[in-house]
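Residue numbers are given in our numbering: position 99 of the sequence shown equals residue 100, and the series is strictly consecutive.
Even glycine gets a Cβ: it sits at the ideal position worked out from N, Cα and C.
Reading through the structure tokens given below for one structure.
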Amino acid sequence: MTTNNILDLNPKLLWKWFNTICSIPHPSYHDQALVNYIVNWAQQQNLDVSTDKAGNVLIRKAASPGYENVPCLALQAHSDMVPQANSDKQHDFLVDPIVPVINGDFLYADNTTLGADNGIGLASALAVLEDPNLKHGPIEVLVTRTEEVGMEGAINLANDWLTAEYMINTDTEEWGELYLGCAGGSDLTFTKELNFKPLKENAKVVKLSLTGFRGGHSGCDIHTNRENAIKCLSKLLYAMYREVKFNFIDLYAGQARNAIPREAYATVMVTEQNYQRFLEAYQANTAKLLSIYGLAEPDGKFILEEQAADNQRRLSCSDMPNLLRFLVLVPNGILRQSDEFANTVESSLSGGILRLNPTDGFKYKILARSTVDTANALFGNEMYALADLTCLTLTISGTYSGWRPETSDFTKFVEKVYNQHNQQQVAVKVIHAGLECGIIKGHYPNMQLVSIGPDIFNPHTPKEHCRISSVEKYYNLIVDLIQNFKELDK
2 MTTNNILDLN
12 PKLLWKWFNT
22 ICSIPHPSYH
32 DQALVNYIVN
42 WAQQQNLDVS
52 TDKAGNVLIR
62 KAASPGYENV
72 PCLALQAHSD
82 MVPQANSDKQ
92 HDFLVDPIVP
102 VINGDFLYAD
112 NTTLGADNGI
122 GLASALAVLE
132 DPNLKHGPIE
142 VLVTRTEEVG
152 MEGAINLAND
162 WLTAEYMINT
172 DTEEWGELYL
182 GCAGGSDLTF
192 TKELNFKPLK
202 ENAKVVKLSL
212 TGFRGGHSGC
222 DIHTNRENAI
232 KCLSKLLYAM
242 YREVKFNFID
252 LYAGQARNAI
262 PREAYATVMV
272 TEQNYQRFLE
282 AYQANTAKLL
292 SIYGLAEPDG
302 KFILEEQAAD
312 NQRRLSCSDM
322 PNLLRFLVLV
332 PNGILRQSDE
342 FANTVESSLS
352 GGILRLNPTD
362 GFKYKILARS
372 TVDTANALFG
382 NEMYALADLT
392 CLTLTISGTY
402 SGWRPETSDF
412 TKFVEKVYNQ
422 HNQQQVAVKV
432 IHAGLECGII
442 KGHYPNMQLV
452 SIGPDIFNPH
462 TPKEHCRISS
472 VEKYYNLIVD
482 LIQNFKELDK
């Protein structure tokens, strides 16, 4: 069937819910309207609904007649999305709805993130609650908050709330793969108070832009050779500074801590007498960088624009060297492959947000990930050393544990049913992205968890899209798992 309306797609209930989710703005920290809608709907359906102090929502649905003795099964999704738009797209994520765009078997948004991460998972859980024909045991649906900005909802989850001992997390993004483990993480924030001064007389103000990189999810895509725009621009700035001196006015890159930046911008002051040398250094070094990264980032490009001074202020000369040293030296990307899990990244660092201006000073935010919790602590010590060497302050926060794989009757049951739907052996994996499963298991040590999802590509970027046919397969799997959950102990 050819259609331009997601309401025409199957399964109807899931796409109805996803359409509703898209219509209500829900970026991180601004998803209360969506949460209110879900709570109000659950109350209208006479479902048992409650919230905890973190704002998480728990909805309970009683068992179908004859299924009262089936174990309780929980479905879990988060309510927030990563708000990213192309630089030429005017979109206010606090007000404007997400506009789904169908392209063959794929669903995109209109030059913004789609929010399929984790909107499809959330829609599937709500569709299960609404489905009048589904035969099921007791069901709990847990909707967590602020997952994309530090797992705060899961970290502050009430310990005595859920009754289910089995949970399906809906936040992975590859059909045909069953996830039983994930990386933990920490936020590393480097800061420095800066001294800004008036521009020098007759100085030039120049904006350097790096655009067109692919970007991506800093967990799912860290191994796919996607360049980080912050690091690439930093290499340019350091190389140029060695040839000709200039002063920062502003640095800006990244919008989300867990996304690989696609664009980076630097506004600098150059004295008139150094300007020709500055242009020559720019031409030579951008050519070198594009020759290195051109194959990985074919749409990447540098742009140089002169700007009016407009009473701007420039960074003091004394602050420049250490900041440039830090930006070019700070590690980024894969640090170590796993010795325990085949073809899996163990540890990585990804710079996500960079700011430098007279109001904020200097701030650089990195997300550290590792499947080995102790590794993050060791890498933290290395980052403290770098901060000390470059006169910056490092704050480590938002640390959450990884999820260690466990094999159980539950995981074997899910794998068996999944194999039937996939028509071939599913791949059982550990993911380098952070899932809430490990944190939830910390609150509920006896809970058994798995994570599944449809095909979602380029999450956390405006190129995010999902494979429509895999969404139907994924939902049919969820339904089959629920309807046959009475077979768990057999």
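7 Å CB neighbourhood of residue i in its chain, flanking five on each side removed
i: LEU35; result: ILE22, ILE25, HIS27, SER80
i: HIS92; result: ALA86, THR113
Residues near residue i by beta carbon distance below 6 Å, same chain, minus five either side
i: ILE397; result: SER187, LEU189, GLY381
i: GLY213; result: ASP300, GLY301, LYS302
i: ALA376; result: SER348
i: THR287; result: PHE303
i: TYR365; result: PHE191, LEU355
i: LEU48; result: ILE60, LYS62
i: ALA265; result: LEU211, ALA230, ILE231, LEU234, ALA254
i: MET2; result: Because the pLDDT of MET2 is 48, which lies under 50, any placement of that residue in the model is unreliable, and the number read from its coordinates should be weighed accordingly. So the list is empty, once near-sequence residues are dropped.
i: ARG278; result: VAL245
Helix, strand or coil at residue i according to DSSP, with G and I counted as helix
i: LEU489; result: coil
i: ASN160; result: coil
i: ALA310; result: coil
i: CYS183; result: strand
i: GLN424; result: coil
i: PHE107; result: strand
i: ILE354; result: strand
i: ASP118; result: helix
i: GLN91; result: coil
i: ASP49; result: strand
i: TYR476; result: helix
i: CYS467; result: strand
i: MET2; result: Caution applies to MET2, whose pLDDT of 48 falls short of 50 and renders its modelled position unreliable; the value that the coordinates give is listed next. Residue state, collapsed to three classes: coil.
i: ARG243; result: helix
i: ASN134; result: coil
i: ILE140; result: strand
i: ILE304; result: strand
i: LEU76; result: strand
Expected contact under 8 Å - CB spacing of residue i and residue j to nearest Å
i: VAL429; j: GLU416; result: 7 Å
i: VAL129; j: ILE140; result: 7 Å
i: ILE223; j: ILE293; result: Actually they are not in contact, since the Cβ atoms of ILE223 and ILE293 sit about 19 Å apart, beyond 8 Å.
i: CYS183; j: CYS438; result: 6 Å
i: LEU209; j: PHE363; result: Not really, about 17 Å apart at Cβ, beyond 8 Å.
i: GLN484; j: LYS136; result: 5 Å
i: TYR68; j: LYS487; result: 7 Å
i: ASP106; j: ILE469; result: 5 Å
i: MET168; j: ALA75; result: 4 Å
i: LEU436; j: ASN170; result: 6 Å
i: THR345; j: HIS218; result: Not really, about 15 Å apart at Cβ, beyond 8 Å.
Residue i and residue j closer than 8 Å at C-beta
i: TYR253; j: VAL150; result: no
i: LEU395; j: PRO72; result: no
i: PHE126; j: VAL142; result: According to the sequence displayed, residue 126 carries Ala and not Phe. Result yes, Cβ atoms of ALA126 and VAL142 sit closer than 8 Å.
i: LEU108; j: HIS466; result: yes
i: LEU15; j: VAL472; result: yes
i: GLY443; j: SER402; result: yes
i: PHE327; j: LEU387; result: yes
i: LEU305; j: VAL427; result: no
i: ASN323; j: THR391; result: yes
i: ARG258; j: GLY116; result: no
i: ASN203; j: CYS318; result: no
i: LEU316; j: PHE411; result: no
i: LEU357; j: ASN333; result: no
Residue nearest to residue i in terms of C-alpha spacing, selected from the options
i: ALA309; options: GLY56, SER235, LEU200, GLU69; result: LEU200
i: GLU244; options: TYR276, PHE414, ASN423; result: TYR276
i: THR462; options: ILE441, SER88, ILE7, GLY185; result: SER88
i: VAL144; options: ASN41, ARG405, LEU59; result: LEU59
i: ILE261; options: LEU296, GLY216, LEU291, ARG314; result: GLY216
i: GLY185; options: ASP361, LYS90, THR372, SER319; result: THR372
i: TYR475; options: ASN112, LYS54, LEU179, GLN45; result: LEU179
i: THR173; options: LEU482, GLY352, LEU450, ILE483; result: LEU450
i: VAL271; options: TYR419, GLU307, ALA285; result: GLU307
i: LEU393; options: PRO359, ILE441, ASP320, LEU368; result: ASP320
i: ARG227; options: TYR242, ILE250, ARG263, LYS198; result: ARG263
i: GLN274; options: ASP251, LYS246, VAL329; result: LYS246
i: ASN492; options: LYS289, VAL329, ASP111, ILE103; result: Since the displayed the chain opens at 2 and closes at 491, residue 492 lies outside it and no answer follows.
i: ILE440; options: PRO455, ASN459, PHE414, GLY399; result: GLY399
i: GLN284; options: THR268, VAL269, ALA240; result: ALA240
Cβ-based neighbour list, residue i, same chain, cut-off 8 Å, excluding 5 preceding and 5 following
i: VAL96; result: PRO26
i: LEU478; result: VAL418, TYR419, HIS422, ILE453
i: GLY177; result: ASN423, GLN425, VAL427, ALA428
i: LEU8; result: TRP16, LYS17, ASN20
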